[in-house]
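Asker: Take a look at the following structure, please.
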Amino acid sequence: MRWWRKRGREEDLDRELRADLELEAAEQQERGLAPEEARYAAGRAFGNTTFIKEEVREMWEWSSLERLGQDIRYAFRLLRKTPVITSILIATLALGLGMNTAVFSVVNAAIVRGLPYKEPDRLISLWEEVARQEPQQVSTSGRSLGGDANPRRMTVAPANLVDYQNRSRAFTGLAGFALSPMNLTGNGTPERIWGERVTANFFSVLAVEPRQGRSFLPEEDQPDARGTVIITDEFWRRRFGGDSNILSDRASPFALRKMNWMQFPTASRSNTRRQTRACARY
Numbered sequence: 176m177r178w179w180r181k182r183g184r185e186e187d188l189d190r191e192l193r194a195d196l197e198l199e200a201a202e203q204q205e206r207g208l209a210p211e212e213a214r215y216a217a218g219r220a221f222g223n224t225t226f227i228k229e230e231v232r233e234m235w236e237w238s239s240l241e242r243l244g245q246d247i248r249y250a251f252r253l254l255r256k257t258p259v260i261t262s263i264l265i266a267t268l269a270l271g272l273g274m275n276t277a278v279f280s281v282v283n284a285a286i287v288r289g290l291p292y293k294e295p296d297r298l299i300s301l302w303e304e305v306a307r308q309e310p311q312q313v314s315t316s317g318r319s320l321g322g323d324a325n326p327r328r329m330t331v332a333p334a335n336l337v338d339y340q341n342r343s344r345a346f347t348g349l350a351g352f353a354l355s356p357m358n359l360t361g362n363g364t365p366e367r368i369w370g371e372r373v374t375a376n377f378f379s380v381l382a383v384e385p386r387q388g389r390s391f392l393p394e395e396d397q398p399d400a401r402g403t404v405i406i407t408d409e410f411w412r413r414r415f416g417g418d419s420n421i422l423s424d425r426a427s428p429f430a431l432r433k434m435n436w437m438q439f440p441t442a443s444r445s446n447t448r449r450q451t452r453a454c455a456r457y
């Protein structure tokens, strides 16, 4: 609506200027001039109308800034009178801005920009859903003892993931991964780190290759396979100083061997407590 108010003010200004010119021309006619000469004389006496309009517009801007300053000073006076409410408002605004920034960062990274992989629109995340839980149980006192009839998402059982890999025809690849804490020992100070235990085809599903060294081999998914690890460039430089020898098989005495990647049963259905997730490419 601001443009409409500005247009209305311009029309009012034009009407005022025309009225002043008409009054001046009428006075000139009373002095004995002809109507045409009176209009010219009124224009000369009145001056440059464009310059007058510019001066009036500057006055409008200054008056708007002055009113804004008055509103700000009035707001600060009210806030000083109620410090508790002011603190709550500031905290609420800060929390809201922080949450919006975090949500936007996630949406921007995952949806707007997309995942940093080849053809990210073909990557999906998989989970299992329990269609029905145990019915709600209530004690004699009326207190709830648990149970839930609503479906909820669950992590993928490793044995089920093997079945999905063997039977699925809709995906070009299906991999499992699970966040896991690990202890890095050997040369240097022991360190607690976080990593992902993944199936051997994890990086092929993401369509990425290590910058140096090799990716996982299918036989490394077997229970009796030697542990193999892929580390990030940042961790390689920070922990090992960028030593390329750490990427060779000669590094096997390191505690990196203890970081066995997730190995799913192929012949048996032994239970496991690992919280497994899955991703697939179609």
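In my numbering, the protein residues as written are 176 to 457. Glycine is no exception: its CB is placed at the ideal position from the N, C-alpha and C atoms.
1) Using 8 Å for Cβ pairs, my map puts Phe-378 next to Phe-391. What's the rounded Cβ distance?
2) Output needed for Ser-427: all residues of its chain with C-beta closer than 7 Å, excluding positions within five of it in sequence on either side, in chain order.
3) Look at the Cβ atom of Val-373, then the Cβ atom of Gly-351, and state whether they are nearer than 8 Å.
4) Identify the continuous beta strand (DSSP E) that holds Pro-291 and give its terminal residues.
5) Just to confirm, are Asp-396 and Ala-382 a CB contact at a threshold of 8 Å?
6) Examine the Cβ distances between the segment 224 to 231 and the segment 187 to 195 and report whether three or more of them are shorter than 8 Å.
7) DSSP puts Leu-373 in a beta bridge; with which residues?
8) If the criterion is Cβ atoms closer than 8 Å, does the pair Asn-335 and Glu-303 meet it?
9) Below 8 Å on the Cβ atoms is my guess for Val-231 versus Leu-188; work out the distance and round it to an integer in Å.
10) Would you give the residue range spanned by the beta strand (DSSP E) that Ser-300 belongs to?
11) What number of angstroms, rounded off, separates the C-alpha of Thr-364 from the C-alpha of Ser-419?
12) Relative to the C-alpha of Leu-198, which residue among Glu-185, Gly-273 and Tyr-215 is closest?
13) Leaving aside the five residues before and after Pro-393 along the sequence, list all residues of the same chain whose C-beta is less than 8 Å from its C-beta, in chain order.
Answerer: On the basis of the coordinates in this document:
1) Confirmed, about 7 Å.
2) Model confidence at Ser-427 stands at a pLDDT of 39, short of 50, so the residue's coordinates are unreliable and nothing is read from them.
3) Yes, Cβ-Cβ distance for Val-373 and Gly-351 is below 8 Å.
4) Taken as a continuous stretch (DSSP letters only), Pro-291 belongs to no beta strand (DSSP E), as it is neither H nor E.
5) No, these two residues do not count as a Cβ contact at 8 Å.
6) Contact between the segment 224 to 231 and the segment 187 to 195 is present: three or more C-beta pairs spanning the two stretches fall below 8 Å.
7) This sequence places Val at residue 373; Leu is not what is there. For Val-373, which the question treats as bridged, DSSP gives the partners Phe-352.
8) A contact, by the Cβ cut-off of 8 Å.
9) Their Cβ separation, rounded to whole angstroms, is 6 Å, which keeps Val-231 and Leu-188 in contact under 8 Å.
10) Counting along the chain, the unbroken beta strand (DSSP E) around Ser-300 starts and ends at 298 to 301.
11) So the alpha carbons of these two residues sit roughly 20 Å apart.
12) Among Glu-185, Gly-273 and Tyr-215, the Cα nearest to that of Leu-198 is on Tyr-215.
13) In the same chain as Pro-393, and ignoring 5 residues on each side of it, the C-beta atoms closer than 8 Å to its own belong to Ala-375 and Asn-376, in chain order.
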